[in-house]
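Here is the structure we will look at, set down as C-alpha cells.
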C-alpha cells in the first residue's frame with residue numbers, strides 16, 4: 002500500500018481542526034455532520050449533542066464568513082439569540098453568538114442551532130465557519146463549514162465532500178459534488194498514512210456507500226483526490 006507520511010504529518014499538525022469530540026453536531030435527518038464541509042443552504046437546522054459526563058455551557062462562534070455582494074446577509078442562531086448580520090459585513094471575527102447554552106450530560110439540544118441565509122438567489126461564493134466548544138475548554142471544539150458557489154480566490158468550484166455516519170462501524174455514505182472535476186477518487190488512510198481503501202467517484206452521481214466493516218476500531222482519514230490533486234482530507238472514526 003502506498004505511503005503518504007509527509008501528508009499525514011501535516012494533517013496531524015493541523016489536528017486542532019478535527020479534535021473536538023465532546024460536542025457532536027447532527028442534522029435534522031439524524032446524521033452526524035461534525036467537522037464536515039456542507040452545502041450552504043438558505044435555511045439549515047443543527048442538533049448539538051453533549052457526549053460528556055458533565056453538563057456543559059456550549060459557546061457558538063463564527064470564525065470565518067464570506068458573503069457575495071448580492072446577498073442581504075445571514076442570521077445564525079444559538080441559545081435563543083439570532084445574530085442578524087447584514088451585508089456588507091462589518092463584524093469582527095471570531096464573533097460569538099449570544100453567550101452560551103447549557104446542555105446536560107448525554108443530552109441533545111434540538112431547538113437553538115440553525116441559520117437563515119438571505120442569498121437573493123446569488124450564485125456567488127459564500128462561506129460560513131461555525132465553531133462549537135465548551136466555555137471552560139475552548140480547545141475541545143467542533144467545526145462546521147458551509148460553502149456555496151465559486152471562490153474568487155482560485156476560481157475553482159468548491160467540492161462538497163462529507164461522510165456519515167461519523168463515527169461509524171459497518172459502512173459510511175459519502176456525499177460529494179465534483180461536477181467541475183474529473184478522474185476523482187475517495188481514499189481512506191490509516192493514522193500512519195497507509196492507503197486502506199480507494200473508490201472511484203462518478204461525476205454524474207453524488208453519493209457513494211463504502212463498506213468499512215473490515216476496518217479495526219480507531220482513527221482514519223478520508224481524502225478526496227481530483228485531477229491528481231488532494232482537494233480535501235477529513236477525519237473518520239471507526240467504532
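In my numbering, the protein residues as written are 2 to 240. We put the beta carbon where it would ideally sit given N, CA and C, even for glycine. Keep in mind that this is a model prediction, so the values were computed, not measured.
- Burial check for residue 106: the Cβ neighbour count within 10 Å stays below 16, so the residue is exposed.
- The three-state secondary structure of residue 30, taken from DSSP, is coil.
- Between residue 111 and residue 80, the alpha-carbon positions lie close to 11 Å from each other.
- If you compare the alpha carbons of 122, 50, 23, 108 with that of residue 70, the shortest gap goes to 122.
- Secondary structure at residue 128: strand, using DSSP grouped into helix, strand and coil.
- Where residue 212 is concerned, the enclosing beta strand (DSSP E) starts and stops at 208-212.
- When the beta-carbon positions are compared, residue 118 and residue 42 come within less than 8 Å of each other.
- Within the same chain, Cβ atoms closer than 8 Å to the Cβ of residue 208 are found at 174, 175, 176, 177, the five residues on either side in sequence being excluded.
- The region 36-53 makes no contact with the region 80-100: fewer than 3 CB pairs, one atom from each, lie closer than 8 Å.
- Sequence-distant Cβ neighbours of residue 238 in its own chain, meaning closer than 7 Å and more than five residues away, are 167, 168, 220.
- Per the coordinates, the alpha-carbon of residue 92 lies some 41 Å from the alpha-carbon of residue 210.
- Annotation: residue 184 to residue 224 spans about 14 Å, alpha carbon to alpha carbon.
- By the C-beta density criterion, residue 113 is buried, having at least 16 other C-beta atoms within 10 angstroms.
- For residue 76, the enclosing beta strand (DSSP E) covers residues 74-79.
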